[in-house]
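Chemist: In my numbering, the protein residues as written are 1 to 66. This is the structure I want to talk about, given as structure tokens.
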């Protein structure tokens, strides 16, 4: 099965915007990044999730090695 990988930043942006319902301004503040960067991360995360759902791909969360 093909996989789509989400970074931890993408997962956090999804959580803040879609689960907590925060506007981009507040999500960006919580992640300590600019509003534009938050928007780009969120847009890419949503694209990946949509691709996984619509194309039957597995969704994998990237956890960096310590």
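Ideal Cβ positions, reconstructed from N, Cα and C, are used throughout, including at glycine. Just so we're clear, the structure is a prediction, and the values are computed from it rather than from any experiment.
Which residue from 50, 16 and 65 puts its Cα closest to that of residue 35?
Modeler: When each option's Cα is compared against that of residue 35, the closest is 16.
Chemist: Report the residue from 14, 3, 65 and 19 whose alpha carbon sits nearest the alpha carbon of residue 40.
Modeler: Comparing Cα-Cα distances from residue 40 to each of 14, 3, 65 and 19, the minimum goes to 14.
Chemist: Decide if residue 28 is buried, meaning its Cβ has at least 16 other Cβ atoms within 10 Å, or exposed.
Modeler: So residue 28 counts as buried.
Chemist: Sort 54, 43 and 51 by Cα distance to residue 10 and report the nearest one.
Modeler: With distances taken between Cα atoms, residue 10 lies closest to 43.
Chemist: In three-state DSSP terms, what is residue 6?
Modeler: Three-state result, residue 6: strand.
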